[in-house]
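**Student:** Remember, the numbering used here sits 56 above the position in the sequence shown when you count from 1. Think of the CB as a built atom: it goes at the ideal place given N, C-alpha and C, for glycine as much as any other residue. Next up is a structure, given as structure tokens.
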Amino acid sequence: MIKGLAITPPILGRISIGRMIEKNGKRLPEKDDQFTITSQIQSKEGWVKHPLDDQLRANAPNQKLRSIPVRMIFNDPDLNLRAEYTLFDRQTGRPVCVGNGETCQRLTNQGVEQHSCPSPDLCPLAQGGNCKPYGRLHVNLDESDEFGTFIFRTTGFNSIRTLAARLSYYHAASNGLLSCLPLQLTLRGKSTTQSYRQPVYYVDLTLREGVDLQSALQTARDIDQQSKQAGFNQEALDQTARQGFANGLFEMDIEEGLDVVDEFYQEEGLHQPVVEQNAFDIQQGLKGSVTALN
57 MIKGLAITPP ILGRISIGRM IEKNGKRLPE KDDQFTITSQ IQSKEGWVKH PLDDQLRANA
117 PNQKLRSIPV RMIFNDPDLN LRAEYTLFDR QTGRPVCVGN GETCQRLTNQ GVEQHSCPSP
177 DLCPLAQGGN CKPYGRLHVN LDESDEFGTF IFRTTGFNSI RTLAARLSYY HAASNGLLSC
237 LPLQLTLRGK STTQSYRQPV YYVDLTLREG VDLQSALQTA RDIDQQSKQA GFNQEALDQT
297 ARQGFANGLF EMDIEEGLDV VDEFYQEEGL HQPVVEQNAF DIQQGLKGSV TALN
């Protein structure tokens, strides 16, 4: 295996909330209240939609894609969700400093050095809001390609915190059979003082609609048993992925860094579309997302 190059899961497409728009000669991110699944091909209008987007959207209420059935590739939560504090060079897209809150790898004139990572609030290098949590969730959407993934990228605390918690909980509850659980990405919203009471959307991970925890656990055990009988070695897969991630100093390349800078580091020019959604619509959406306990 070539050294110094992080080996990451193959990416077939992207999952995003919003899109890039052209405004006053600048490319700016525009928020949205639904998911969009795109390929890795760009046109003048932006990222080309993946065929799965239309397939899933056809069955969604009002054709608003707010949940996506997914499967995790790995049992280890930390392999499915990669998250660190990351400082990018805004001109080149190169990661300058990547840390986990304890230690960091920092690119200097002398090479890559290891330093302590006190988190962005306490780090002198991070002043000005340039260092953010950067999360990448790899999920499988297409059963015909067991190891192909769609990536959801975010710098939002709400999504990263929620996804990390859910992955850890489901991993523990299933006795480590996270990759066998029937899961779905769910779009949620909340209003805060910081958002001036406007809805802020983030991503949650739940069991698929109509599936309770006991049924999901039984399904996971059945799938695990069938896979082992077929000779599938999930533990070896996780270990191989772990070694691949550790094979390079930084997991992100320059091209990905430039995309991240475009999407997440232009908040001063963030375009907020008018969301035609009254209180009744919001109430109906909430009503459909909860079930009372008996």
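On a Cα-Cα basis, can you pick out the residue from 227, 208 and 284 that is closest to residue 95?
**Tutor:** Comparing Cα-Cα distances from residue 95 to each of 227, 208 and 284, the minimum goes to 208.
**Student:** On the criterion of 16 or more Cβ atoms from any shown chain inside 10 Å, does residue 168 qualify as buried, or is it exposed?
**Tutor:** Exposed: under 16 other Cβ atoms inside 10 Å.
**Student:** Residue 135: which of 258, 122, 314 and 234 sits nearest, CA to CA?
**Tutor:** Of 258, 122, 314 and 234, the residue nearest in Cα terms is 234.
**Student:** If you drop the 5 nearest sequence neighbours on each side, which residues of the same chain put their C-beta closer than 8 Å to that of residue 253?
**Tutor:** Same-chain partners within the cutoff: 247.
**Student:** On the CB-based measure, 16 or more other CB atoms within 10 Å of its CB, does residue 35 come out buried or exposed?
**Tutor:** Nothing about residue 35 can be read from this structure; the chain reaches only from 57 to 350.
**Student:** Quick one: residues in its chain with C-beta nearer than 6 Å to the C-beta of residue 73, no 5 flanking neighbours on either side, listed in chain order?
**Tutor:** Result list for residue 73: 88 and 257, in chain order.
**Student:** May I ask you to report which of helix, strand or coil DSSP gives residue 230?
**Tutor:** The answer is coil: DSSP assigns residue 230 none of H, G, I, E or B.
**Student:** Could I get the ranges of all uninterrupted beta strand (DSSP E) runs contained in the region 173–199, with 3 residues as the minimum, in chain order?
**Tutor:** Correct list: 187–195.
**Student:** Where residue 107 and residue 125 are concerned, what is the direct C-alpha to C-alpha distance, given to the nearest angstrom?
**Tutor:** Going by the C-alpha atoms only, they are around 15 Å apart.
**Student:** Residues in its own chain within less than 6 Å of residue 218 by CB, not counting five upstream and five downstream?
**Tutor:** Taken in chain order, the residues that qualify are 260.
**Student:** Is it the case that the region 59–66 contacts the region 298–312, given that we only count it when at least three CB pairs across the two stretches are under 8 Å?
**Tutor:** Touching, yes.
**Student:** Assuming residue 130 contacts residue 239 under a Cβ cut-off of 8 Å, what Cβ separation, rounded to an integer in Å, is found between them?
**Tutor:** With 8 Å as the limit, residue 130 and residue 239 do not qualify as a contact, their Cβ atoms being about 13 Å apart.
**Student:** In whole angstroms, what is the alpha-carbon distance linking residue 289 and residue 295?
**Tutor:** Roughly 10 Å separates the two Cα atoms.
**Student:** With DSSP as the reference, identify every bridge partner of residue 71, one or two as the case may be.
**Tutor:** Looking at the DSSP assignment, residue 71 forms a beta bridge with 93 and 208.
**Student:** If you measure between the beta carbons of residue 153 and residue 143, is that distance less than 8 Å?
**Tutor:** Against a cut-off of 8 Å, the Cβ pair of residue 143 and residue 153 comes out as a contact.
**Student:** With DSSP run on the structure shown, which of helix, strand or coil describes residue 327?
**Tutor:** With a pLDDT of 44 at residue 327, under the threshold of 50, the modelled position of this residue cannot be trusted, and the question is left open.
**Student:** Scan the region 266–304 and note each continuous alpha helix (DSSP H) run of 4 residues or more that stays entirely inside, going in chain order.
**Tutor:** For the region 266–304, whole alpha helix (DSSP H) runs of length 4 or above, ordered along the chain, are 269–285 and 290–301.
**Student:** Is the beta carbon of residue 238 within less than 7 Å of some heavy atom of the ligand MN?
**Tutor:** As for the ligand MN, it is missing from this structure, which has no ligand bound.
**Student:** Touching or not, the region 170–185 and the region 222–230, by the rule of three or more beta carbon pairs under 8 Å?
**Tutor:** Counting Cβ pairs under 8 Å, fewer than three are found: no touch.
**Student:** Count the other CB atoms within 10 Å of the CB of residue 188; is the residue buried (16 or more) or exposed (fewer)?
**Tutor:** Its Cβ being crowded by 16 or more others within 10 Å, residue 188 is buried.
**Student:** Taking the alpha-carbon of residue 232 as reference, which of 255, 297, 273 and 104 has the nearest alpha-carbon?
**Tutor:** Out of 255, 297, 273 and 104, 273 has the C-alpha closest to the C-alpha of residue 232.
**Student:** With which residues is residue 154 paired in a DSSP beta bridge?
**Tutor:** In DSSP, residue 154 forms a bridge with 142 and 161.
**Student:** Who pairs with residue 243 in a beta bridge, going by DSSP?
**Tutor:** Answer by DSSP bridge pairing, in chain order: 259.
**Student:** Terminal residues of the continuous alpha helix (DSSP H) containing residue 107?
**Tutor:** Run containing residue 107: 107–114, per the alpha helix (DSSP H) assignment.
**Student:** Under the three-state reduction of DSSP, which class applies to residue 124: helix, strand or coil?
**Tutor:** Residue 124 falls in the strand class under three-state DSSP.
**Student:** Who pairs with residue 137 in a beta bridge, going by DSSP?
**Tutor:** Its beta-bridge partners are 193.
**Student:** Give the secondary structure of residue 102 by DSSP, where H, G and I count as helix, E and B as strand, and everything else as coil.
**Tutor:** Residue 102 falls in the strand class under three-state DSSP.
**Student:** DSSP has residue 313 in a bridge; who is on the other side?
**Tutor:** The partner list for residue 313 (beta bridge, DSSP) is empty, contrary to what the question assumes.
**Student:** Specify the secondary structure class of residue 170 as computed by DSSP and reduced to three states.
**Tutor:** Strand, per DSSP.
**Student:** Just how far apart, CA to CA, sit residue 182 and residue 149?
**Tutor:** Distance between the alpha carbons of residue 182 and residue 149 is about 16 Å.
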